[in-house]
Amino acid sequence: MKMLLFAVLALPCLAAAQTAPPPLPLDPKIERLRDAALKDDLAYDITEGLTTEIGQRLAGTEAEARARTWAVARLKGLGFSNVHIETFDMPVWVRGEERAEIVAPFPQKLVIAALGNSGATPAAGLTGEVVAFDNVADLEAAPDARVRGKIVFVSHGMKPTQDGSSYGVFGAARRQGPSIASTKGAAAIVIRSIGTDYHRNPHTGVQAWAEGVRPIPAGALSLPDADQLQRILKRGRPVTMRLVLTPRNIGKRQSGNVIAEVPGRDRNAGIVLVGGHLDSWDLGTGAIDDAAGVAITTAAAKRVMQSGRPLRTIRVVWFGAEEVGLFGGLDYLAKHGAEKHAVIAESDFGADRVWKFDSKASAGAQPTVDLIARALAPLGIGKGSTSEASGSDIGPLSASGVPTFALRQDGTRYFDVHHTPDDTLDKIDPEQMRQNVAAWTAMIAIAANARVQFGPVAAAR
Ligand SMILES: [Zn+2]
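Adding 53 to a residue's 1-based position in the sequence shown gives its number in the numbering used here.
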């Protein structure tokens, strides 16, 4: 490899310049649009409005319905076209009472929140001996007899990461732990919250019971409470816990996606889809997850709209029911999967600064990908993968082969507040949010006006 590199470097500069295609020119208009976004707080205003006038927006509830009405009024007010709601039905689970306490050897209360789709204890609670595991793999390897009839506790070693990848690795305690515990005959399961903060806030989140598995009560302890339980367990005496978790399944209810457009000049050029999700968990006000995402993408689309009619239609989607199982993304795929999407992108990782631009597009689109990367560079954003990009709600569409862009945000502090009562407006840093909007503005402006086919997506390069 070193020899080859030396040979390439040894070529005269002129020869190298003749073989590489010249980079596409970066329109100064795009640079001005991008830089103007750095002085604008529309995204913050949308986030402030949604989190103040609606607050929590649990999927399928009346609060989420009010949020859809709010979104339609806001998007129409901003001048978007074809603003409408597309409804769908989904099963709804709602939180009840939630308490946990150590009964013996050291009686005391712990802070707990039920995980999505948790089963319920009897109204008076459930008392059992705690059996603890350092991670979900240890639980899986344990003989059933060790677990049967007990309250399982599962810990993990999640630490903050810039790219948020630790959530995928350690989130198994929440995603798979409850089904494994139930299969082994456990009475209930409590996990160390899938989070990275040391506030006394539990992190909720969805988990789905594996096929045929009986739902059992499933909750998350805050990190300080999980530490406390581990210290008590280390004393070596049997630990008895009492749990009261009384969530309910209330049957099928209505949710929906809110859709708005900036009509393009050429209907055949394909749609540039951007968005985030409108629903939130019920504990906070869903500021970072994901009022910020719908606000950032909407503010950017609005800025591009103001600069003149784009070549392609820009479609902004505020997806419903993401948190509880991607129902909005799947409904969108069912209704719109056959339409031509030029490229899709989603913002659902808070509002901290974007640091990397990933893409999944055709080989022929690479000069345009490079052009976007150059437009993003002054914002401190580097070019990342050209073979991997996705998002949660757009995941099903992306997986079907639609070209996808991703503006990766700094996730170092995201899992401090994710899915907790602490997901509130004050966690949004307006300056970092402006940088997000500037990045999305540049990306959308180029993608919506480039006369290039972003698909078909090339095989991994
Ligand atoms: Zn989210």
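Even for Gly, the Cβ is constructed at its ideal location relative to N, Cα and C.
Owing to the predicted nature of the structure, the values given are computational and were not obtained by experimental measurement.
When you compare only the Cα positions, how much space is there between G515 and V259? Outside the shown range of the chain (54 to 514) lies residue 515, about which nothing can therefore be said.
Run the CB neighbour count on I303, radius 10 Å, all protein chains shown included, and call it buried at 16 or more, exposed below. exposed
Quick one: grab the DSSP three-state call for M211. coil
Regarding E375 and ligand 1, is the C-beta to nearest heavy atom distance less than 7 angstroms? yes
Per DSSP, which residues does R152 bridge with? Please list them. V297
Is the region 426 to 437 touching the region 289 to 304, taking contact as three or more C-beta pairs under 8 angstroms? The region 426 to 437 is not in contact with the region 289 to 304.
Looking at T477 and T338, is the spacing between their C-beta atoms short of 8 angstroms? Yes. Within cutoff.
Tell me whether S445, by its Cβ, gets closer than 7 angstroms to a heavy atom of ligand 1. Taking the Cβ of S445 as the reference point, at least one heavy atom of ligand 1 falls within a distance shorter than 7 angstroms.
Can you name, in chain order, every residue of its own chain whose Cβ lies under 7 angstroms from the Cβ of T350, other than the five neighbours on each side? Around T350: V327, G328, G329, V369, S400, W493.
If I'm right that V347 touches L331 with Cβ under 8 angstroms, what's the distance once you round it to whole angstroms? Contact annotation, V347 with L331: C-beta distance approximately 6 angstroms; criterion of less than 8 angstroms satisfied.
Assuming D142 is part of the alpha helix (DSSP H), what are its boundary residues? No alpha helix (DSSP H) contains D142, which is instead part of the beta strand (DSSP E) from 134 to 147.
Are the CB atoms of S415 and V315 within a distance shorter than 8 angstroms? no
State yes or no: is the C-beta of D343 nearer than 7 angstroms to some heavy atom of ligand 1? A heavy atom of ligand 1 is found nearer than 7 angstroms to the CB of D343.
Work out the CA separation of D142 and K480 for me, nearest whole Å. 32 angstroms
Who are the Cβ neighbours of G169 in its own chain at under 7 angstroms, not counting the five residues just before and after it? W146, T257, G258, V259, Q260, V377
Closest to T180 by C-alpha separation, out of E154, D80, A190, would be which residue? E154
Identity of the residue in S134, S208, A452 nearest Q359 by Cα: S134
Residues near D187 by beta carbon distance below 7 angstroms, same chain, minus five either side: Cβ within range, chain order: S208.
Hey, would you say I244 sits closer than 8 angstroms to A273, going by beta carbons? yes
In the region 236 to 280, which residue ranges form an unbroken beta strand (DSSP E) of at least 3 residues, counting only runs that do not cross its ends? If we require 3 residues or more, the beta strand (DSSP E) runs fully inside the region 236 to 280 come out as 241 to 245, 271 to 274.
Check for me: the beta strand (DSSP E) holding E399 runs from which residue to which? 394 to 399
Can you give the Cα-Cα distance for D319 and T366, rounded to whole angstroms? 8 angstroms
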